[in-house]
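Student: Let me begin by handing over the structure; questions about it come next.
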Amino acid sequence: MRDPTRYHSILTPIHPFLFCSTERIPISTPSQANVQPGLATIFWAFLFLGATAFGGPVAHFGYFRSEFVERRRWVDERGFADLVSLCQFLPGPASSQTGIAIGMIQRGWLGGIAAWLGFTAPAAIIMIGLGFGLSFAETAAGQGVVHGLKLAAVGVVANALWGMARTACNDALRASFAAVACVVILFSGAVWFQLLVIAMAAAAGSLFLHDAPLDTAGAMPTRGNRVVGLLLLGAFLLLLLGLPVLTETVKSGNLDAVTGFYRVGSLVFGGGHVVLPLLEAEVVPTGWTSTDTFLAGYGAAQAIPGPMFALAGYLGNVIEPGNGYLGGWTGGALAIIAVFLPSFLLLGATLPFWDALRARARVRSALSGVNAAVVGLLLAVLFTPVWTSSVDDTSDFATVVVAIVLLAVWRMPPWLVVMLAAVAGFFGV
């Protein structure tokens, strides 16, 4: 009988001549079940989350942790925290990238694609479809459902933060890192301060934290695929710099749209609401769509599960015709692919080096500092906008408390809490 330890390359071929890795690297997650999940299992797991994960990137981390750390045990707590830290460093939607990375750890490139398709499909279909008509969220009952979902998201985020804090902030120094990060973000009001805080936490961690544990959970390739990683990094930069030049020589509305959405996916850090000003700058001043149409899509995006980047699908649908743009379902799908493509290229470029890097003492210490700071960042976001935009009175506060008790004490799955909150909101409870 074969050793139940499974082997899988992170660069499962998507083209036989491009990704020809012969080295098999063990997936060494101690908490993982013996049998690796199949592609269908990965897809359906993420599809379910994509249909129920309301609340934005912060809440998504909570859903991922509950599903893949606690329930399925595909990664352990430390490995999950490290993946979140890595994806906070990279431009693009941090929660979607974390999901893609989890899929890659399980089944290589095809696993990453399955995870992305599952998590993105519900939001993408809803947002592209919204380009054809009015949203249920515009009705009174719809607004009640949305409010209930937002209150459930507060509970999900709070419960996730508590779990992450117990691991990442287990002493006074790490807790201080989190507190400083939280205060800086609350008072800075600048998007780029998040990246600055993470960089400073990494530097401070490497200097002052010297007991970060070595962890090989979710082991990723460290040899053999690094050349491909560098090639993918080169492809990312080539597209980022080359597409604008190409649009000047090849007059194509579709190429213009792909260039704009690719640029957004390459430059935004953290995902979520951060993507909105960049998208607005691409589609409104250029005349692709009106301000009113853009804001209508933004409002609808608050009411759907899954990644905020799915707003690109709505915009790809409603682009004004007559300039060579495809529009409709095809245009929406093209926009979705373009805005997420940088995430795949950057993860493919980074993951082959990540396991070796985080095995170094200095890097582990830096990661320990970043993990603590991320708790502070998420705490700041929990307060504003998650709490301040959701909890209006004592009834809302009571709903949040009930949600937290159901999650933390009764161990109810987040999707069920979300459904109960939606039903309560529909009936105005």
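In short: position in the sequence shown from 1, add 185, done, that's the working numbering. A virtual CB, placed ideally from N, CA and C, is assigned to each residue, including glycine. On a predicted model such as this, the values are computed, not experimentally measured, just so you know.
(1) To the nearest angstrom, how far is it from the Cα of D540 to the Cα of L268?
(2) Taking the straight line between their C-alpha atoms, what separation do you get for L234 and W600?
(3) Taking the Cβ atom as the reference point for each residue, do A523 and G472 lie within a distance shorter than 8 Å?
(4) Figure out for me which residue from T476, L315, V368 and P222 has the closest Cα to the Cα of I287.
(5) Expressed to the nearest angstrom, what Euclidean distance is found between the alpha-carbon atoms of V341 and V368?
(6) Should the stretch 379 to 390 be called in touch with the stretch 573 to 584, which here means at least 3 C-beta pairs below 8 Å?
(7) Can you give me the start and stop residues for the alpha helix (DSSP H) that Y510 sits inside?
(8) Straight-line CA distance for T444 to L480?
(9) Anyone know if the C-beta pair for L334 and F239 falls short of 8 Å?
(10) Keeping to the same chain, check which residues put their C-beta closer than 6 Å to that of L425; ignore five residues upstream and five downstream.
(11) In the DSSP assignment, the alpha helix (DSSP H) including S580 goes from what residue to what residue?
(12) Would you mind working out which of A520, F529, A343 and E255 sits nearest Y418, comparing C-alpha positions?
(13) Taking the alpha-carbon positions, what's the V571 to A338 distance?
(14) Measuring alpha carbon to alpha carbon, tell me which of F228, P598 and L605 ends up nearest G247.
(15) Between the C-alpha atoms of A606 and L431, what's the straight-line distance to the nearest angstrom?
(16) Quick check on the DSSP output: the alpha helix (DSSP H) that includes R351 runs from which residue to which?
(17) If you run the structure through DSSP and keep just helix, strand and coil, what is T471?
(18) Leaving out five residues before and five after L511 in sequence, what residues of the same chain have Cβ atoms less than 7 Å from its Cβ?
(19) Quick one, are the C-beta atoms of A345 and A557 less than 8 Å apart?
(20) Distance, Cα to Cα, V254 vs T434?
(21) What is the DSSP secondary structure of I489, counted as helix, strand or coil?
(22) Quick check on T476: buried or exposed, where buried means 16 or more other Cβ atoms within 10 Å of its Cβ?
(23) Could you have a look at R250 and say whether DSSP puts it in helix, strand or coil?
(24) Determine the closest residue to A350 out of D577, M604, G613 and S553, with distance taken between C-alpha atoms.
(25) Just mark P470 as buried or exposed, buried being the case when its beta carbon has 16 or more other beta carbons within 10 Å.
(26) Would D356 be called buried (16 or more neighbouring beta carbons within 10 Å of its own) or exposed?
(27) Measure the C-alpha to C-alpha separation of H245 and T573 and round it to an integer number of angstroms.
(28) Whole angstroms are fine: how far does the CA of W229 sit from the CA of G610?
(29) Is it buried or exposed, F494, if we count other Cβ atoms within 10 angstroms and call 16 or more buried?
(30) Output the distance between the C-alpha atoms of A544 and A266, rounded to the nearest integer angstrom.
(31) Kindly indicate the opening and closing residues of the alpha helix (DSSP H) around R257.
(32) Buried or exposed for G427, please, with buried defined as at least 16 other CB atoms from any protein chain shown within 10 angstroms of its CB.
(33) In the DSSP assignment, the alpha helix (DSSP H) including G229 goes from what residue to what residue?
(34) Tell me the DSSP secondary structure of F317 in three-state form.
(35) Round the Cβ separation of L275 and L531 to the nearest angstrom and send it over; I've been treating them as touching at under 8 Å.
Tutor: So, from the data block:
(1) Reading the sequence shown from its first residue, position 355 is the one you call residue 540. Reading the sequence shown from its first residue, position 83 is the one you call residue 268. Spanning the alpha carbons of D540 and L268 requires a straight line of approximately 10 Å.
(2) Residue numbering aside, residue 234 sits at position 49 when the sequence shown is read from its first letter. Residue numbering aside, residue 600 sits at position 415 when the sequence shown is read from its first letter. Distance from the CA atom of L234 to the CA atom of W600, rounded to whole angstroms, is 8 Å.
(3) The residue you call residue 523 lines up with position 338 of the sequence shown. The residue you call residue 472 lines up with position 287 of the sequence shown. No.
(4) On the sequence shown, position 102 is the one that residue 287 refers to. The shortest C-alpha separation from I287 is found at P222.
(5) Here residue 341 corresponds to residue number 156 of the sequence shown, with the count starting at 1. Here residue 368 corresponds to residue number 183 of the sequence shown, with the count starting at 1. Counting only the Cα atoms, V368 lies some 22 Å from V341.
(6) Not touching, per the Cβ criterion.
(7) Your numbering for residue 510 matches position 325 in the sequence shown. Unbroken run through Y510: none, as it is neither H nor E.
(8) Against the sequence shown, residue 444 aligns to sequence position 259. Against the sequence shown, residue 480 aligns to sequence position 295. Between the alpha carbons of T444 and L480 lies a distance of about 22 Å.
(9) Along the sequence shown, read from residue 1 onward, the residue named residue 334 stands at position 149. Along the sequence shown, read from residue 1 onward, the residue named residue 239 stands at position 54. Less than 8 Å separates the beta-carbon of L334 from that of F239.
(10) Position 240 of the sequence shown, counting from 1, holds the residue named residue 425. Here the set comprises S451.
(11) Here residue 580 corresponds to residue number 395 of the sequence shown, with the count starting at 1. Looking at the DSSP string, the run of the alpha helix (DSSP H) that includes S580 is T579 to A593.
(12) Within the sequence shown, the letter at position 233 stands for residue 418. The residue asked about is misnamed: residue 418 is Leu in this sequence, not Tyr. Cα-wise, what sits closest to L418 is F529.
(13) Stepping through the sequence shown from its first residue, residue 571 is reached at position 386. Stepping through the sequence shown from its first residue, residue 338 is reached at position 153. Cα to Cα, the separation comes out at about 8 Å.
(14) Here the question's residue 247 lines up with position 62 in the sequence shown. The shortest Cα separation from G247 among F228, P598 and L605 belongs to P598.
(15) Within the sequence shown, residue 606 is the residue found at index 421, counting from 1. Within the sequence shown, residue 431 is the residue found at index 246, counting from 1. Looking at the two C-alpha atoms, the distance is approximately 49 Å.
(16) Numbered from its first residue, the sequence shown carries residue 351 at position 166. Unbroken alpha helix (DSSP H) run through R351: A325 to A353.
(17) The sequence position of residue 471 within the sequence shown is 286, counting from 1. T471: coil per DSSP, three-state reduction.
(18) By one-based count along the sequence shown, residue 511 stands at place 326. Excluding residues within five positions, the ones whose Cβ falls inside 7 Å are N439 and L519.
(19) If you number the sequence shown from 1, residue 345 lands on position 160. If you number the sequence shown from 1, residue 557 lands on position 372. No, Cβ-Cβ distance for A345 and A557 is not below 8 Å.
(20) Residue numbering aside, residue 254 sits at position 69 when the sequence shown is read from its first letter. Residue numbering aside, residue 434 sits at position 249 when the sequence shown is read from its first letter. Taking the straight line from one Cα to the other gives about 49 Å.
(21) Along the sequence shown, one-based indexing puts residue 489 at 304. Of the three classes helix, strand and coil, the one that applies to I489 here is coil, per DSSP.
(22) Sequence index remark: in the sequence shown, residue 476 carries index 291 (1-based). Classification of T476: exposed, given that the 10 Å Cβ count is below 16.
(23) By one-based count along the sequence shown, residue 250 stands at place 65. Under the three-state reduction of DSSP output, R250 falls in the helix class.
(24) One-based indexing of the sequence shown puts residue 350 at position 165. If we check each option's Cα against that of A350, S553 comes out closest.
(25) The residue labelled residue 470 in the question sits at position 285 within the sequence shown. Its Cβ having fewer than 16 others within 10 Å, P470 is exposed.
(26) Numbered from its first residue, the sequence shown carries residue 356 at position 171. Under this definition D356 is an exposed residue.
(27) Numbered from its first residue, the sequence shown carries residue 245 at position 60. Numbered from its first residue, the sequence shown carries residue 573 at position 388. One alpha carbon belongs to H245, the other to T573, and they sit about 19 Å apart.
(28) Translated into the one-based positions of the sequence shown, residue 610 becomes position 425. Translated into the one-based positions of the sequence shown, residue 229 becomes position 44. Distance between G610 and W229, taken at the CA atoms: about 27 Å.
(29) Taking the first residue of the sequence shown as 1, we reach residue 494 at position 309. Buried.
(30) Counted from its first residue, the sequence shown places residue 544 at position 359. Counted from its first residue, the sequence shown places residue 266 at position 81. If you take the alpha carbons of A544 and A266, they lie about 14 Å apart.
(31) Position 72 of the sequence shown, counted from the first residue, corresponds to residue 257. That residue, R257, is in no alpha helix (DSSP H); it is neither H nor E in DSSP.
(32) One-based indexing of the sequence shown puts residue 427 at position 242. Counting Cβ neighbours within 10 Å, G427 comes out exposed, since fewer than 16 surround it.
(33) Residue mapping note: residue 229 aligns to position 44 of the sequence shown, counting from 1. In the sequence as presented, Gly is not what sits at residue 229; that position holds Trp. Counting along the chain, the alpha helix (DSSP H) containing W229 begins and ends at L224 to T237.
(34) Here residue 317 refers to the residue found at position 132 when the sequence shown is read from its first residue. Coil.
(35) Walking along the sequence shown from the start, residue 275 turns up at place 90. Walking along the sequence shown from the start, residue 531 turns up at place 346. Beta-carbon to beta-carbon, L275 and L531 are separated by about 5 Å, close enough to satisfy the 8 Å threshold.
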